[in-house]
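Asker: Sharing a structure, written as structure tokens. Questions coming.
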Amino acid sequence: MENEQLITITSPLDGSVLGNVNAMSKSDIDEVIQKSKKVFDSWRAIPLNERCEILYKAANLLVTRVDELTDLLVKEVGKDKKSAKSEVIRTADFIRFTIETAKNIHGESINGDSFAGYYSNKFALVEREPIGVVLAISPFNYPINLAASKIAPALVAGNTVVFKPATMGSLCGVRLAEIFVEAGVPSDAIQVVTGKGSEIGDYLITHKGINFINFTGSTEVGQSIAKKVQMVPLLMELGGKDAAIVLPDANLEITAKNIVSGAFSYSGQRCTAVKRVLVLEEVADQLVEKILDQMKKLTVGNPLYGEADIVPLINKKAADFVCDLMEDAKEKGATLRYGGEREGNLIYPTLFDHVTLDMRVAWEEPFGPVLPIIRVKTVDEAIDIANKSEYGLQSSVFTENINNAFNVARKLEVGMVQVNNKTERGPDHFPFMGVKNSGIGVQGIRYSIEAMTRIKGIVVNLYD
Ligand code: G3H
1174 MENEQLITIT SPLDGSVLGN VNAMSKSDID EVIQKSKKVF DSWRAIPLNE RCEILYKAAN
1234 LLVTRVDELT DLLVKEVGKD KKSAKSEVIR TADFIRFTIE TAKNIHGESI NGDSFAGYYS
1294 NKFALVEREP IGVVLAISPF NYPINLAASK IAPALVAGNT VVFKPATMGS LCGVRLAEIF
1354 VEAGVPSDAI QVVTGKGSEI GDYLITHKGI NFINFTGSTE VGQSIAKKVQ MVPLLMELGG
1414 KDAAIVLPDA NLEITAKNIV SGAFSYSGQR CTAVKRVLVL EEVADQLVEK ILDQMKKLTV
1474 GNPLYGEADI VPLINKKAAD FVCDLMEDAK EKGATLRYGG EREGNLIYPT LFDHVTLDMR
1534 VAWEEPFGPV LPIIRVKTVD EAIDIANKSE YGLQSSVFTE NINNAFNVAR KLEVGMVQVN
1594 NKTERGPDHF PFMGVKNSGI GVQGIRYSIE AMTRIKGIVV NLYD
């Protein structure tokens, strides 16, 4: 690749220059995809246990490099040190579990005589085979984990990967790909593409050489990809507006702790953050006080200089957006109970009570540390408001009564309901999916491998 221009990556924490990535051109993309296609046959031909050995090495390398990667995560995407370190370790665990799972995914044989009119001279061998070149597109908020959770299942299944990290997080992405290569993955089987979305984005997603797209990011971008691609399977995790529904019989202490950690960790920059509380009126006052008690324990600051639960948002645009939502809520009469201040891109943890359905913060995803409390009169009203969202990623229901938990869970239009816990993706072998505008398809280790492989049937006909 020649004549590439560079994109400078700066830290959201202090603006310092961290490095450069290539601003690739369309012909660079052609070259990358061509190489990926070329190496596919030899990579898939490597026995599964050998591919697994290579990925084991990658998992071990991640652990060996945990300090270096933690440091880069803190600087590049402004994650607090503890969360950054746990992202790296979680990723190594994810890769190891992927290997164990892949070894236990088998095909099957089906006899013909179980269907009327067919007899025992026929059976089908049903095998799983890789799809080809997987385009993995990861977001800024988990540059190691949400990249590896696409790359590892794709590679173990025999696919090759073209990996497009978000620009903020692309240094982490490049480092991650280098680790896979160092572990033994052929360099053409895991290639990173970087560049300006406006120049190469559409070209990449619509490229004839791409056989599968695995994307995590905003609903807006996900919908745009879905409109543009044709006959390419998609696996997408998009936005959310996860509701915590609190019933009168909930343990309010546990509920408040979960809501606060769910809403505010990494400043709410998680698709699964708790993004609204729907609480029954009779316990709302008590719950709000307990939430405030928990919020007062949150530490706020710059993770370069110490541990902080609340860190600056990824960029000015993100912080401006959150401020617009806060202004709208204030103008329309929400009660600001905590926070509301901004210093640069740092937004203090903010709680609005008495949020009503005409306010933007009741429906829009802040991706920032702002939590609205919506008081409801009945459980049905809570379910109705929860389901009116355009999103359907997860919901929580807090109650001590298992019947109430199931009755609510079954009516919620989401991919997963957490009973007495914050909304969250892990553990990573659980299925993870969104309905409505929150996604397409199912992730989670087994589900991701199944999504990025296809079934091939070979029918054997026997003659006397
Ligand atoms: O931001 C989207 C992630 O999938 C959320 O993952 O629940 O582990 O934070 P998490």
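Everything in the sequence shown is counted per the numbering used here, starting at 1174 for the first residue and increasing by one.
Backbone N, C-alpha and C fix where the C-beta goes; we use that ideal spot for every residue, glycine too.
Could you tell me which of Phe1540, Ala1423 and Asp1266 sits nearest to Lys1230, measuring between CA atoms?
Answerer: Checking every option, the nearest Cα to that of Lys1230 belongs to Asp1266.
Asker: As a quick exercise: from Ile1227, Ser1343, Val1495 and Ser1215, pick the residue whose alpha carbon is nearest that of Asn1314.
Answerer: Nearest C-alpha to Asn1314: Ser1343.
Asker: Tell me whether Asp1501 sits in a helix, a strand or coil according to DSSP, three-state version.
Answerer: Helix, per DSSP.
Asker: Cβ-heavy atom distance between Glu1597 and ligand 1 below 7 Å?
Answerer: Yes, ligand 1 has a heavy atom inside 7 Å of this Cβ.
Asker: Following a CB-centred definition, is Glu1410 positioned closer than 7 Å to any heavy atom of ligand 1?
Answerer: Because some heavy atom of ligand 1 lies under 7 Å away, the Cβ of Glu1410 counts as near it: yes.
Asker: Do three or more CB pairs link the segment 1361 to 1378 to the segment 1234 to 1252 at distances below 8 Å?
Answerer: No: the two stretches stay apart, fewer than three of their Cβ pairs being nearer than 8 Å.
Asker: At which residues does the beta strand (DSSP E) containing Ser1187 begin and terminate?
Answerer: The sequence as given places Asp at residue 1187; Ser does not occur at that position. Taken as a continuous stretch (DSSP letters only), Asp1187 belongs to no beta strand (DSSP E), as it is neither H nor E.
Asker: Does Asp1458 come out as helix, strand or coil in the three-state DSSP assignment?
Answerer: In the structure shown, Asp1458 sits in a helix (DSSP, three-state: H, G or I).
Asker: Verify whether the separation of the beta carbon atoms of Gly1617 and Asp1601 is less than 8 Å.
Answerer: Yes, they are a contact pair.
Asker: Less than 8 Å between the beta carbons of Ala1502 and Val1528, yes or no?
Answerer: Yes, the pair counts as a contact, with Cβ atoms nearer than the cut-off.
Asker: Quickly, what does DSSP pair Glu1300 with across the bridge? List them, please.
Answerer: For Glu1300, which the question treats as bridged, DSSP gives the partners Lys1629.
Asker: Relative to the alpha-carbon of Val1447, which residue among Pro1545, Val1190 and Leu1465 has its alpha-carbon at the smallest distance?
Answerer: Closest by alpha carbon: Pro1545.
Asker: Would you say Leu1638 and Arg1510 are within 8 Å of each other, going by their C-beta atoms?
Answerer: Because the chain is modelled from 1174 through 1637, residue 1638 falls outside the range shown and cannot be assessed.
Asker: Please work out which residues of its chain come closer than 8 Å, Cβ to Cβ, to Lys1505, disregarding the five sequence neighbours upstream and downstream, and give them in chain order.
Answerer: Answer for Lys1505: Thr1529, Asp1531 and Met1532, listed in chain order.
Asker: Considering only residues of the segment 1278 to 1356, which uninterrupted alpha helix (DSSP H) runs meet the minimum length of 4 residues and lie entirely inside it, listed in chain order?
Answerer: List check, alpha helix (DSSP H) in window: 1318 to 1329 and 1343 to 1356.
Asker: Considering only residues of the segment 1383 to 1425, which uninterrupted alpha helix (DSSP H) runs meet the minimum length of 4 residues and lie entirely inside it, listed in chain order?
Answerer: Taking only runs of at least 4 residues, the alpha helix (DSSP H) segments lying wholly in the segment 1383 to 1425 are 1392 to 1401.
Asker: Should Thr1428 be listed as close to ligand 1, given that the test is whether its C-beta is under 7 Å from any heavy atom?
Answerer: Because no heavy atom of ligand 1 lies under 7 Å away, the Cβ of Thr1428 does not count as near it: no.
Asker: Three or more beta-carbon pairs under 8 Å between the segment 1220 to 1237 and the segment 1294 to 1311, yes or no?
Answerer: Not touching, per the Cβ criterion.
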